[in-house]
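Below is the structure:
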């Protein structure tokens, strides 16, 4: 067995870096937290090549003198905790004393800092954890930290960095979270010299939320302010009409610190119970405050997880606060218009999209009959959808059909979604997507992250009939839409496409990204549940299914049909044993 020995400082710093510095966004988070703790009123974040080339965070905070600047790059050196009691009552964002030495150990780092009482500042250059230069320099009050060649000496970590766009997405999320939490601080955010965000200080947090997350929230935010014992939740929740397909719209802070906490997310969804469709997520910016000694933020080096002393009290306070707000619907300062009434779904005429689908020419679906009954979506051998006799509609959602061997239920939305998807996909492959121009273009106001993703999709969206043009800043105009989507609002569809592409990443391949876009468009363009269909419309839909190779499932994977054999029905009624 090898002899136990103390690790060299450079190696121990690299190990710590593996915990603290996961990717470029981790560096941004640690540096911005330090800037905020330094009482800054302005923070500038400059990025080049997704953080691979440069990460620079500048602030106008209190700065450091020479001795403190050198101490700041020593492990476990911090100005934020002094004893065991303060460790369990953290009132600052950064506190571990690991960030700067960890970052410096896996990069070339330069720090320039000056306190107000000094005429000159201090410049410290560290390369791979080793101090190379310490010198006096002229500098403004505050601190500027520049990080170059991140992970240059840990090739395994650098190898697993994602694309520039993906890493910038994470950095953008980080800056967005900080800007939302600290509206009194001026944040400026640049990538490759381009300004992505420039949010001036404001005393009204609502202004910052709208500025950062997008103009569609202007008239749809409601204030939450609820107390439960010594726990308070305050902030804003969006109208239930504003939803996302992922949890990216949940911005939750505990004592000013952004956290990812399943319990808090569940409490928010509980507060929205009865207001959201399944699979949809709300948009909220909520701040949970409680005594510092009743929450442990020292759970993980990244400080993104917390542990509450009284989790049930926190859960109830958040849930009840959101519920009370949605019930009262107390509109904030931009207006008092009540929530828009639900719009009744428009009637659809089921017809072959783009004229590509005609009478059935496909071969009958080859499905075996190995069991007398199951819920596997299928038809019997040598049978087609068109051979089914339509009996009627169940709850205006399922087409009820009689087959030679029993009963078939067809989900009309799933069925038409598959028809529309295959038609859109065929038209895209043939570069023959039929679209129509909008007489009045639809205006889209996006957040800077949404806009940066949309910019990469404009050409491909145009190829599938969705023509969108930049209109300055983060504003876009929808100029044309595929025929199947005529008359439908485009903002929800575009946001869903953006969120899906952000989730899967373009690195998964263009074809998958296009397929996901087509799936979303098909879902928005298909007939819905609770839509009354005529006999002719139902029969036409069945004929259209016969032209497809993959007719038994919708593009999301849900079954199109359920079959129940006559034999099983008779067994259920005890006609046979």
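Residue numbers (our numbering): 547 to 1123. Beta carbons: idealized from backbone N, C-alpha and C, even for Gly. Fair warning: this is a prediction, and the values are worked out from it, not measured in the lab.
> Which whole runs of the alpha helix (DSSP H) in the segment 959-1030 are 4 residues long or more, in chain order?
Replying inline: 994-1009
>> Only counting the same chain, and skipping five residues up and downstream in sequence, which positions put a Cβ closer than 6 Å to that of residue 771?
In response: In the chain shown, residue 771 corresponds to position 225, counting from 1. Correct list, in chain order: 780.
> Unbroken beta strand (DSSP E) runs of length 3 or more, entirely within the segment 1067-1121: which are they?
Replying inline: 1107-1111
> For residue 826, does the three-state DSSP call read helix, strand or coil?
Replying inline: One-based indexing of the chain shown puts residue 826 at position 280. It is coil, neither helix nor strand.
> Do you know how far the Cα of residue 794 is from the Cα of residue 1066?
Replying inline: To locate residue 1066, count along the chain shown from 1; it is residue 520. To locate residue 794, count along the chain shown from 1; it is residue 248. Approximately 18 Å, taken between the alpha carbons.
>> If you reduce the DSSP assignment to three classes, tell me which class residue 880 lands in.
In response: Taking the first residue of the chain shown as position 1, residue 880 is located at position 334. Residue placement at residue 880 cannot be trusted, given a pLDDT of 31 that sits under 50; what the coordinates show is reported in the next sentence. Of the three classes helix, strand and coil, the one that applies to residue 880 here is coil, per DSSP.
>> For residue 1044 and residue 1000, which I take to be in contact (beta-carbon distance under 8 Å), what is that distance rounded to the nearest angstrom?
In response: The sequence position of residue 1044 within the chain shown is 498, counting from 1. The sequence position of residue 1000 within the chain shown is 454, counting from 1. At roughly 6 Å, the Cβ-Cβ gap stays under 8 Å, so residue 1044 and residue 1000 are in contact.
> My guess is that residue 1060 and residue 1006 are in contact by the Cβ rule of under 8 Å, so how many angstroms apart are they, rounded?
Replying inline: Your numbering for residue 1060 matches position 514 in the chain shown. Your numbering for residue 1006 matches position 460 in the chain shown. The Cβ separation is near 6 Å, so the contact holds.
> By DSSP, does residue 938 sit in helix, in strand, or in coil?
Replying inline: Here residue 938 is taken as the residue at index 392 of the chain shown, counted from 1. Note: residue 938 maps to strand in three-state DSSP.
> Taking the continuous beta strand (DSSP E) assigned at residue 724, which residues delimit it?
Replying inline: The residue labelled residue 724 in the question sits at position 178 within the chain shown. No beta strand (DSSP E) contains residue 724, which is instead part of the alpha helix (DSSP H) from 710-727.
> Could you check where the alpha helix (DSSP H) with residue 863 kicks off and where it finishes?
Replying inline: One-based indexing of the chain shown puts residue 863 at position 317. Its alpha helix (DSSP H) spans residues 857-874.
> Leaving out the 5 sequence neighbours to the left and right, which residues in its chain are closer than 6 Å to residue 1117 when beta-carbon positions are compared?
Replying inline: Numbered from its first residue, the chain shown carries residue 1117 at position 571. So the list is empty, once near-sequence residues are dropped.
> How long is the line joining the alpha carbons of residue 964 and residue 1078, rounded to whole angstroms?
Replying inline: Along the chain shown, one-based indexing puts residue 964 at 418. Along the chain shown, one-based indexing puts residue 1078 at 532. Rounded to the nearest whole angstrom, the C-alpha separation of residue 964 and residue 1078 is 19 Å.
> Roughly how many angstroms separate the alpha carbons of residue 867 and residue 782, rounded to a whole number?
Replying inline: What you label residue 867 is simply residue 321 of the chain shown in a count that begins at 1. What you label residue 782 is simply residue 236 of the chain shown in a count that begins at 1. Each residue's alpha carbon lies about 10 Å from the other.
>> Within the continuous alpha helix (DSSP H) that includes residue 654, where are the two ends?
In response: By 1-based counting over the chain shown, the position of residue 654 is 108. Per DSSP, residue 654 belongs to no alpha helix (DSSP H); it is in the beta strand (DSSP E), 654-660.
>> For residue 588 and residue 707, what's the separation of their Cα atoms in angstroms?
In response: One-based indexing of the chain shown puts residue 588 at position 42. One-based indexing of the chain shown puts residue 707 at position 161. One C-alpha to the other measures close to 29 Å.
> Hey, is the segment 969-984 in contact with the segment 1023-1030, meaning 3+ C-beta pairs nearer than 8 Å?
Replying inline: yes
> DSSP on residue 694, reduced to helix/strand/coil?
Replying inline: Your numbering for residue 694 matches position 148 in the chain shown. In the structure shown, residue 694 sits in a strand (DSSP, three-state: E or B).
> How many Å lie between residue 688 and residue 726 at the Cα?
Replying inline: Residue 688 sits at position 142 when you count from the first residue of the chain shown. Residue 726 sits at position 180 when you count from the first residue of the chain shown. In a straight line, the C-alpha of residue 688 is about 22 Å away from that of residue 726.
> Should residue 573 be labelled buried (16 or more other beta-carbon atoms within 10 Å of its own) or exposed?
Replying inline: Start at 1 with the first residue of the chain shown, and residue 573 comes out as number 27. It counts as buried.
> Going by other Cβ atoms of all chains shown within 10 Å of its Cβ, with 16 needed for buried, is residue 1124 buried or exposed?
Replying inline: Residue 1124 lies beyond the range of the chain shown here (547 to 1123); nothing can be said about it.
>> Using the Cβ count rule (16 or more neighbours within 10 Å means buried), how would you classify residue 957?
In response: The count along the chain shown starts at 1 and reaches residue 957 at position 411. Counting C-beta atoms within 10 angstroms of its own C-beta, residue 957 has 16 or more neighbours from the protein chains shown and is therefore classed as buried.
> From residue 720 to residue 672, what distance separates their C-alpha atoms?
Replying inline: Stepping through the chain shown from its first residue, residue 720 is reached at position 174. Stepping through the chain shown from its first residue, residue 672 is reached at position 126. Rounded to whole angstroms, residue 720 to residue 672 spans 25 Å at the Cα level.
> Between residue 747 and residue 728, what straight-line distance do the alpha-carbon atoms span, to the nearest angstrom?
Replying inline: Along the chain shown, read from residue 1 onward, the residue named residue 747 stands at position 201. Along the chain shown, read from residue 1 onward, the residue named residue 728 stands at position 182. Going from the Cα of residue 747 to the Cα of residue 728 covers about 9 Å.
> Cβ atoms of residue 989 and residue 1021: under 8 Å apart, would you say?
Replying inline: Looking up residue 1021 in the chain shown gives position 475. Looking up residue 989 in the chain shown gives position 443. Yes, Cβ-Cβ distance for residue 1021 and residue 989 is below 8 Å.
> Can you pull the DSSP bridge partners for residue 784?
Replying inline: Taking the chain shown and counting its residues from 1, the one referred to as residue 784 is at position 238. 767.
> Is residue 683 helix, strand or coil when you go by DSSP?
Replying inline: To locate residue 683, count along the chain shown from 1; it is residue 137. Residue 683: strand per DSSP, three-state reduction.
> Can you pull the DSSP bridge partners for residue 948?
Replying inline: In the chain shown, the residue the question calls residue 948 occupies position 402. In DSSP, residue 948 forms a bridge with 935, 953.
> So residue 668 packs on residue 611, CB below 8 Å; how close in whole Å?
Replying inline: On the chain shown, position 122 is the one that residue 668 refers to. On the chain shown, position 65 is the one that residue 611 refers to. Contact flag correct, Cβ pair sits at about 7 Å.
>> In the DSSP output, which residue or residues are listed as bridge partners for residue 689?
In response: If you number the chain shown from 1, residue 689 lands on position 143. Residue 689 is bridged to 605, 659.
> Where does the unbroken beta strand (DSSP E) through residue 568 begin, and where does it stop?
Replying inline: In the chain shown, the residue the question calls residue 568 occupies position 22. Residue 568 -> no beta strand (DSSP E), and no H or E assigned at all.
> In the structure shown, what three-state DSSP assignment does residue 902 receive?
Replying inline: Along the chain shown, one-based indexing puts residue 902 at 356. The predicted position of residue 902 is uncertain, since its pLDDT is 32 and thus under 50; a value taken from the coordinates is nonetheless stated next. If DSSP states are grouped into helix, strand and coil, residue 902 belongs with coil.
> Can at least three beta-carbon pairs, one atom from the segment 599-606 and one from the segment 681-699, be found at a separation below 8 Å?
Replying inline: With a cut-off of 8 Å on Cβ pairs, the segment 599-606 is in contact with the segment 681-699, counting three or more such pairs.
>> Taking only three categories from DSSP, how would you classify residue 668?
In response: Here residue 668 corresponds to residue number 122 of the chain shown, with the count starting at 1. Three-state DSSP puts residue 668 in a strand.
> Is it buried or exposed for residue 579, if we count other Cβ within 10 angstroms and need 16 for buried?
Replying inline: Within the chain shown, the letter at position 33 stands for residue 579. Flag for residue 579 reads buried.
> Which residues in the same chain have their Cβ closer than 7 Å to the Cβ of residue 873, if we skip the five residues on either side of it in sequence?
Replying inline: For the purposes of this step, residue 873 is identified with residue 327 of the chain shown, where counting begins at 1. For residue 873, where only same-chain residues beyond five positions count, there are no Cβ hits under 7 Å.
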